[in-house]
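Just so we're aligned, residue 1 is where the sequence shown starts under the numbering used here, counting upward by one. All C-beta atoms in this analysis are idealised placements derived from N, C-alpha and C, irrespective of residue type, glycine included.
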Amino acid sequence: MKNIKWMKKPPVLRNQETNKFSNQQNYKIMKKPKLYIDTVDYMDLHSVCQTTAQRKLAELRKRYGVPPRKPLPIQIYCRHFDFEIEEVRQHFA
C-alpha cells in the first residue's frame, strides 16, 4: 500500500512562459546566424501581426516552392522584398 501511483502528488508544472523571453536565452538565440525567415522575424521587419506574417510566409512558400516546414531562405526573401542582406544582418546582430 506504500507505492500506489494514484496517491502520489502530480508533478508541479513550472510557469515556462516567464523564462521564455529571458535575456540570456535571447542572447543565445540572436548569437546564432539565422538562415531562414521565421514568422517572428517577418513580424519584426514589417511590423505586422502574427497571423498576417504567417499568411504572407505561406504565400511566399507556395510561390517559390519551398517545403511547408522549411521557411523561405533569407536570400530569396531579401530579393523578393528588395531588402539588403546587410540590413537584415544588422537587424539580427
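Which two residues bound the contiguous alpha helix (DSSP H) that contains residue i?
i   : result
D44 : T39 to H46
Can you give the Cα-Cα distance for residue i and residue j, rounded to whole angstroms?
i   : j   : result
K62 : L45 : 21 angstroms
C49 : Y42 : 9 angstroms
D38 : L60 : 12 angstroms
S47 : L57 : 14 angstroms
Per DSSP, what kind of secondary structure is residue i in: helix, strand or coil?
i   : result
I29 : Model confidence at I29 stands at a pLDDT of 49, short of 50, so the residue's coordinates are unreliable; what they give is reported in the following sentence. Helix, per DSSP.
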